[in-house]
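Undergrad: Residue numbers (my numbering): 9 to 149.
1. Can you look up residue 36 in the DSSP assignment and give me helix, strand or coil?
2. Output the residue ranges of the beta strand (DSSP E) runs that lie fully inside the region 22 to 110 and measure 3 residues or longer, sorted by chain position.
3. Determine the burial state of residue 36: buried for a count of at least 16 other Cβ atoms within 10 Å of its Cβ, exposed for fewer.
4. In whole angstroms, what separates the C-alpha of residue 38 from that of residue 14?
5. Going by alpha carbons, who is nearest to residue 80 out of 60, 116 and 109?
6. To the nearest angstrom, how far is it from the Cα of residue 143 to the Cα of residue 59?
7. Going along the chain, which residues of its own chain have a beta-carbon closer than 7 Å to the beta-carbon of residue 84, five neighbours each way excluded?
8. Going by DSSP, which residues form a beta bridge with residue 132?
9. List the residues that DSSP assigns as beta-bridge partners of residue 115.
10. Within 10 angstroms of the Cβ of residue 96, are there 16 or more other Cβ atoms? Answer buried if so, exposed if not.
11. Given that a residue counts as buried once 16 or more other Cβ atoms are within 10 Å of its Cβ, and exposed if not, what is residue 56?
12. Can you give me the Cβ contacts of residue 124 inside the same chain, cut-off strictly under 8 Å, excluding the 5 residues immediately before and after it?
13. Using the Cα positions of residue 106 and residue 147, report the straight-line distance between them to the nearest angstrom.
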């Protein structure tokens with residue numbers, strides 16, 4: 009039975025840690041930021057549907073912006089308070105977020121839909137005609 013000897017590299021673990029930290033910074037540009045809402049993204053051939061639970065927001069407090077294959081969503085929730093309010097416990101606070109999500113295609117902004125119902129923000133984005141897959145007929149010569 010043969011035994012294989014592997015040389016130990018003391019810097020290997022440090023290099024793996026560096027790659028992991030670099031990956032966290034790279035994913036922050038297109039993925040979930042800390043403090044931002046969590047999104048479910050469903051993909052179909054026609055486009056994508058994004059949903060997020062965002063209770064307590066005014067529908068006018070959302071701003072959605074599309075730039076090429078990036079979608080930026082902003083939201084702000086202000087909890088109403090009066091002069092005489094004395095909280096015994098306050099767990100819901102004012103909240104503001106801005107999050108950019110990378111899309112797998114460039115959306116058709118004319119067809120994009122946004123809906124806020126029962127505390128859930130739903131965004132429907134359709135592929136632009138230039139991004140739609142097309143079938144090409146093959147002719148015999």
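Ideal Cβ positions, reconstructed from N, Cα and C, are used throughout, including at glycine.
TA: For this structure:
1. Taking the first residue of the chain shown as position 1, residue 36 is located at position 28. With a pLDDT of only 49 at residue 36, under 50, the local geometry of the prediction cannot be trusted, and no value is derived from it.
2. Listed in chain order, they are 48 to 51, 55 to 61, 70 to 75, 78 to 85 and 103 to 110.
3. Stepping through the chain shown from its first residue, residue 36 is reached at position 28. Caution is warranted here: a pLDDT of 49 is assigned to residue 36, below 50, making its placement in the model unreliable, and the coordinate value is therefore given only provisionally. When all chains shown are included, residue 36 counts as exposed.
4. The count along the chain shown starts at 1 and reaches residue 38 at position 30. The count along the chain shown starts at 1 and reaches residue 14 at position 6. Because residue 38 carries a pLDDT of 47, less than 50, the predicted location of this residue cannot be relied on, and no value is offered for it.
5. Indexing the chain shown from 1 puts residue 80 at position 72. That would be 109, whose Cα lies nearest to the Cα of residue 80.
6. Locating residue 143 in the chain shown gives position 135, counting from the first residue. Locating residue 59 in the chain shown gives position 51, counting from the first residue. If I take the Cα positions, the gap works out to 31 Å.
7. Start at 1 with the first residue of the chain shown, and residue 84 comes out as number 76. Around residue 84: 69 and 104.
8. Looking up residue 132 in the chain shown gives position 124. In the DSSP output, where bridge partners are listed per residue, residue 132 has 57 and 121.
9. Here residue 115 refers to the residue found at position 107 when the chain shown is read from its first residue. Its beta-bridge partners are 135.
10. For the purposes of this step, residue 96 is identified with residue 88 of the chain shown, where counting begins at 1. Per the 10 Å Cβ criterion, exposed.
11. Counting from one through the chain shown, the residue named residue 56 turns up at place 48. Under this definition residue 56 is a buried residue.
12. Sequence index remark: in the chain shown, residue 124 carries index 116 (1-based). 62, 65, 67, 70 and 130, listed in sequence order.
13. In the chain shown, residue 106 corresponds to position 98, counting from 1. In the chain shown, residue 147 corresponds to position 139, counting from 1. Roughly 50 Å between the two C-alpha positions.
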